[in-house]
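All letters in the sequence shown, in the order written, are residues 9 to 443 by our numbering.
Accompanying notes for the structure given below.
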Amino acid sequence: MEGRSPGSRGPWEKPVPAAASPALSSLGAVFILLKSALGAGLLNFPWAFHKAGGVVPAFLMELVSLVFLISGLVILGYAASVSGQTTYQGVVGGLCGPTIGKLCEACFLVNLLMISVAFLRVIGDQLEKLCDFLLSGAPPSPQPWYVDQRFTLTLLSVLVILPLSAPREIRFQKYTSILGTLAACYLALVIVVQYYLGPQGLALEPRPALSPSSWTSVFSVFPTICFGFQCHEAAVSIYCSMRNQSLSHWALVSVLSLLACCFVYSLTGVYGFLTFGAEVSADILMSYPGNDVVIIVARVLFAVSIVTVYPIVLFLGRSVLQDFWTRSCCQRCGPRDLADPSGPWVRTPLTMLWVTATLAMALFLPDLSEIIGIIGGISSFFIFIFPGLCLICATGVEPMGPRVRCCLEVWGVVSVLVGTFIFGQSTVAAVLELV
Numbered sequence: 009m010e011g012r013s014p015g016s017r018g019p020w021e022k023p024v025p026a027a028a029s030p031a032l033s034s035l036g037a038v039f040i041l042l043k044s045a046l047g048a049g050l051l052n053f054p055w056a057f058h059k060a061g062g063v064v065p066a067f068l069m070e071l072v073s074l075v076f077l078i079s080g081l082v083i084l085g086y087a088a089s090v091s092g093q094t095t096y097q098g099v100v101g102g103l104c105g106p107t108i109g110k111l112c113e114a115c116f117l118v119n120l121l122m123i124s125v126a127f128l129r130v131i132g133d134q135l136e137k138l139c140d141f142l143l144s145g146a147p148p149s150p151q152p153w154y155v156d157q158r159f160t161l162t163l164l165s166v167l168v169i170l171p172l173s174a175p176r177e178i179r180f181q182k183y184t185s186i187l188g189t190l191a192a193c194y195l196a197l198v199i200v201v202q203y204y205l206g207p208q209g210l211a212l213e214p215r216p217a218l219s220p221s222s223w224t225s226v227f228s229v230f231p232t233i234c235f236g237f238q239c240h241e242a243a244v245s246i247y248c249s250m251r252n253q254s255l256s257h258w259a260l261v262s263v264l265s266l267l268a269c270c271f272v273y274s275l276t277g278v279y280g281f282l283t284f285g286a287e288v289s290a291d292i293l294m295s296y297p298g299n300d301v302v303i304i305v306a307r308v309l310f311a312v313s314i315v316t317v318y319p320i321v322l323f324l325g326r327s328v329l330q331d332f333w334t335r336s337c338c339q340r341c342g343p344r345d346l347a348d349p350s351g352p353w354v355r356t357p358l359t360m361l362w363v364t365a366t367l368a369m370a371l372f373l374p375d376l377s378e379i380i381g382i383i384g385g386i387s388s389f390f391i392f393i394f395p396g397l398c399l400i401c402a403t404g405v406e407p408m409g410p411r412v413r414c415c416l417e418v419w420g421v422v423s424v425l426v427g428t429f430i431f432g433q434s435t436v437a438a439v440l441e442l443v
């Protein structure tokens, strides 16, 4: 930053300092960002539309959130260009100070850990339904040990999830992200088609609520939106892996990714809610009959979709553990004797530890709907609060006109206030529901 000529570039035109051999294409960045958002939240959007009181209020809340979601991604790219850091927690710590940086690391780790657990639980539920379908023609008897969720989920974690999570860099996930995105789109298409054809074997007369039961119920959709659009945690890592790192180009990638994601989420939420109305489950696939072949295919493909997004979450959580490893080893043995935190001797044990811990928690997790509010509340830090704080702090570092500085600071304050409200409202509601 010392060699930068003031005023040579506008604050929205600077490229971020290049990461080590950045080679991620724009299309690859779109797919990784899109797949990071198209996770387990896709199953919960119809239920969120019911909780909000209908299609119109839920859709309006989604559009309002989309403005903050896109601005948060752009702010994170701008903050990365100012701080010169390549991780989310590094950007926050570099701009906002070590205290906020430590808070960000703690929230980052807890949030990603809970998301990983939720992903594994969703995969386990789909495997359980798939095994029930495969054994539907067998005579009534105790289920074999090899179809138990504890065995099937453990086997899948060891044979598939662990190898996919081992690569050193995030750009490897662009290949699996394409497959996962197509699987999520298939699920949305199935829900739309099932609305017009009617679920097989079910005689439903849905009566969707035409208005919210109270004004506070409208805000109940925010936790699901924050849980669903889980891509901000990966934004800095994706941004710093791109070949074209200009901020205007990153803004275009962010807009295209979130608009496509919003389209898929809206189709799923609207048609899933209109199909089942007030009887919709927190997991939309659980509302359909278990013997429908089309739904079974959707279960398998969506499990594949979640399997492809889990390594992205693990990559981000592992980066926090690698930073902690670097700091602790430097204090004890000095930088010369420090093992490379991204090398296999450090990366592999951390990956195995993450998969083992999340798998153990997923096997004993209660109903998924009971923790969505908590995850959504914590996610508001990374979508609203931390980007807002970074924007406020970055305006004090970069030379810019007073009007531009004032506008950016006001938007940063608005983001922090909105995020604080969502965190408080969703967390209190989730805790009260648990109690």
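Beta carbons: idealized from backbone N, C-alpha and C, even for Gly.
Do you know how far the Cα of T232 is from the Cα of G381?
Stepping through the sequence shown from its first residue, residue 381 is reached at position 373. Stepping through the sequence shown from its first residue, residue 232 is reached at position 224. If I take the Cα positions, the gap works out to 7 Å.
Using only the alpha-carbon positions, how far apart do A45 and V305 sit?
What you label residue 45 is simply residue 37 of the sequence shown in a count that begins at 1. What you label residue 305 is simply residue 297 of the sequence shown in a count that begins at 1. Rounded to whole angstroms, A45 to V305 spans 22 Å at the Cα level.
Going by DSSP, name the residue or residues bridged to M360.
Start at 1 with the first residue of the sequence shown, and residue 360 comes out as number 352. Answer is none; M360 lacks a bridge partner.
Excluding the 5 residues preceding and the 5 following T428 in the sequence, name in chain order all residues of the same chain whose CB lies nearer than 6 Å to its CB.
Looking up residue 428 in the sequence shown gives position 420. Hits under 6 Å: none found.
Taking the alpha-carbon positions, what's the I131 to C248 distance?
Position 123 of the sequence shown, counting from 1, holds the residue named residue 131. Position 240 of the sequence shown, counting from 1, holds the residue named residue 248. Their backbone Cα atoms lie some 30 Å apart in a straight line.
Going by DSSP in three states, M250 sits in which element: helix, strand or coil?
Residue 250 sits at position 242 when you count from the first residue of the sequence shown. In the structure shown, M250 sits in a strand (DSSP, three-state: E or B).
Which of the three DSSP states, helix, strand or coil, is assigned to L32?
Locating residue 32 in the sequence shown gives position 24, where the first residue counts as 1. Reduced to three states, the DSSP call for L32 is strand.
Taking Q93 as part of the alpha helix (DSSP H), name the residues at either end of that continuous run.
Within the sequence shown, residue 93 is the residue found at index 85, counting from 1. Neither: Q93 is in no alpha helix (DSSP H) and is coded neither H nor E.
Which same chain residues end up closer than 6 Å to S457 when comparing Cβ atoms and leaving out the 5 residues on each side of it in sequence?
Because the chain in this structure spans residues 9 to 443, residue 457 falls outside the shown range and cannot be described.
Closest by CA to Y279, which one among V201, Y318, I303?
Locating residue 279 in the sequence shown gives position 271, where the first residue counts as 1. The shortest Cα separation from Y279 among V201, Y318, I303 belongs to V201.
For P54, which residues of its own chain have a beta-carbon under 6 Å away from its beta-carbon, when the five flanking residues on both sides are left out?
Taking the first residue of the sequence shown as 1, we reach residue 54 at position 46. Excluding positions up to five away in sequence, the list reads G277, G280, F281, V288, I292.
Could you spell out the range, first to last residue, of the alpha helix (DSSP H) harbouring G285?
What you label residue 285 is simply residue 277 of the sequence shown in a count that begins at 1. From DSSP, G285 is part of no alpha helix (DSSP H); its letter is neither H nor E.
Out of S34, V100, V63, which has the shortest C-alpha to C-alpha gap to S274?
Working through the sequence shown from its first residue, we reach residue 274 at position 266. The shortest C-alpha separation from S274 is found at V63.
Give the DSSP-derived three-state secondary structure of Q238 in the structure shown.
Mapped onto the sequence shown, residue 238 falls at position 230. Here Q238 sits in coil by DSSP.
Straight-line CA distance for V439 to F431?
Residue mapping note: residue 439 aligns to position 431 of the sequence shown, counting from 1. Residue mapping note: residue 431 aligns to position 423 of the sequence shown, counting from 1. The straight-line gap from Cα to Cα measures roughly 12 Å.
Which of the three DSSP states is assigned to R158 in this structure?
Position 150 of the sequence shown, counted from the start, is the residue given in the question as residue 158. Helix at R158.
Just verifying my parser: in three-state terms, what is the DSSP assignment at Q433?
By 1-based counting over the sequence shown, the position of residue 433 is 425. In the structure shown, Q433 sits in a helix (DSSP, three-state: H, G or I).
What did DSSP end up calling D133 once you bin it into helix, strand or coil?
Here residue 133 is taken as the residue at index 125 of the sequence shown, counted from 1. Helix, per DSSP.
Note the first and the last residue of the continuous alpha helix (DSSP H) segment covering W55.
To locate residue 55, count along the sequence shown from 1; it is residue 47. Its alpha helix (DSSP H) spans residues 49 to 60.
Extract the residue ranges of the alpha helix (DSSP H) inside the segment 250 to 317, only unbroken runs of 4 or more that lie entirely within it.
Taking only runs of at least 4 residues, the alpha helix (DSSP H) segments lying wholly in the segment 250 to 317 are 255 to 284.
DSSP state of A196, grouped into three classes?
Walking along the sequence shown from the start, residue 196 turns up at place 188. It is helical.
Applying the criterion that 16 or more other CB atoms from any shown protein chain within 10 Å of the CB defines a buried residue, is A365 buried or exposed?
In the sequence shown, residue 365 corresponds to position 357, counting from 1. That one is exposed.
What separation, rounded to the nearest whole angstrom, lies between the Cα atoms of P23 and I383?
For the purposes of this step, residue 23 is taken as the residue at position 15 of the sequence shown. For the purposes of this step, residue 383 is taken as the residue at position 375 of the sequence shown. Its pLDDT being 43, under 50, P23 is placed unreliably in this model, and the value from its coordinates should be taken loosely. About 32 Å.
Express the C-alpha separation of F392 and V424 in angstroms, rounding to a whole number.
If you number the sequence shown from 1, residue 424 lands on position 416. If you number the sequence shown from 1, residue 392 lands on position 384. Roughly 6 Å between the two C-alpha positions.
Is the beta carbon of S388 closer than 8 Å to that of C270?
As a first step, residue 270 is located in the sequence shown; it is residue number 262 there, counting from the start. As a first step, residue 388 is located in the sequence shown; it is residue number 380 there, counting from the start. Their beta carbons are not under 8 Å apart, which means C270 does not touch S388 by this criterion.
List the whole-angstrom C-beta distance separating V82 from A259, where the pair is believed to meet the contact cut-off of C-beta under 8 Å.
Numbered from 1 along the sequence shown, position 74 holds the residue referred to as residue 82. Numbered from 1 along the sequence shown, position 251 holds the residue referred to as residue 259. About 5 Å; that satisfies the 8 Å criterion.
Nearest by alpha-carbon distance to L138: which of I303, G385, I108 is it?
Along the sequence shown, read from residue 1 onward, the residue named residue 138 stands at position 130. Comparing Cα-Cα distances from L138 to each of I303, G385, I108, the minimum goes to I303.
Does the segment 319 to 330 come close enough to the segment 110 to 124 that 3 or more CB-CB pairs lie under 8 Å?
Result yes; three or more Cβ-Cβ pairs closer than 8 Å.
Apart from the five residues just before and just after F116, which ones in its own chain have a Cβ nearer than 8 Å to its Cβ?
Translated into positions along the sequence shown, residue 116 becomes position 108. The answer, listed in chain order, is Y96, Q97, E241, L324, G325, V328, F390.
Over what stretch of residues does the alpha helix (DSSP H) that includes P395 continue unbroken?
Taking the sequence shown and counting its residues from 1, the one referred to as residue 395 is at position 387. First-last of the alpha helix (DSSP H) with P395: 394 to 403.
Between the Cα of S228 and those of R411, G36, N52, C112, spot the shortest distance and give me the residue it belongs to.
Looking up residue 228 in the sequence shown gives position 220. Out of R411, G36, N52, C112, N52 has the C-alpha closest to the C-alpha of S228.
Grab me the residues of S79's own chain with a C-beta within less than 8 Å of its C-beta, minus the 5 sequence neighbours each way, in chain order.
Stepping through the sequence shown from its first residue, residue 79 is reached at position 71. The residues are P395, W419, S423.
Kindly list the residues whose CB is nearer than 7 Å to the CB of R307, restricted to its own chain and excluding five residues on each side of it in sequence; keep chain order.
Residue mapping note: residue 307 aligns to position 299 of the sequence shown, counting from 1. Excluding positions up to five away in sequence, the list reads Q134, K137, L138, L293.
Within the same chain, show all residues whose beta-carbon is closer than 7 Å to that of V168, passing over the 5 residues directly before and after it, in chain order.
Locating residue 168 in the sequence shown gives position 160, counting from the first residue. So the qualifying residues of the chain are V315.
Comparing alpha-carbon positions, which option in A37, G49, S33, V301 lies nearest A290?
Along the sequence shown, read from residue 1 onward, the residue named residue 290 stands at position 282. Here the closest residue by C-alpha is G49.
Below 8 Å on the Cβ atoms is my guess for A66 versus F57; work out the distance and round it to an integer in Å.
Locating residue 66 in the sequence shown gives position 58, counting from the first residue. Locating residue 57 in the sequence shown gives position 49, counting from the first residue. Correct: roughly 4 Å between the Cβ atoms.
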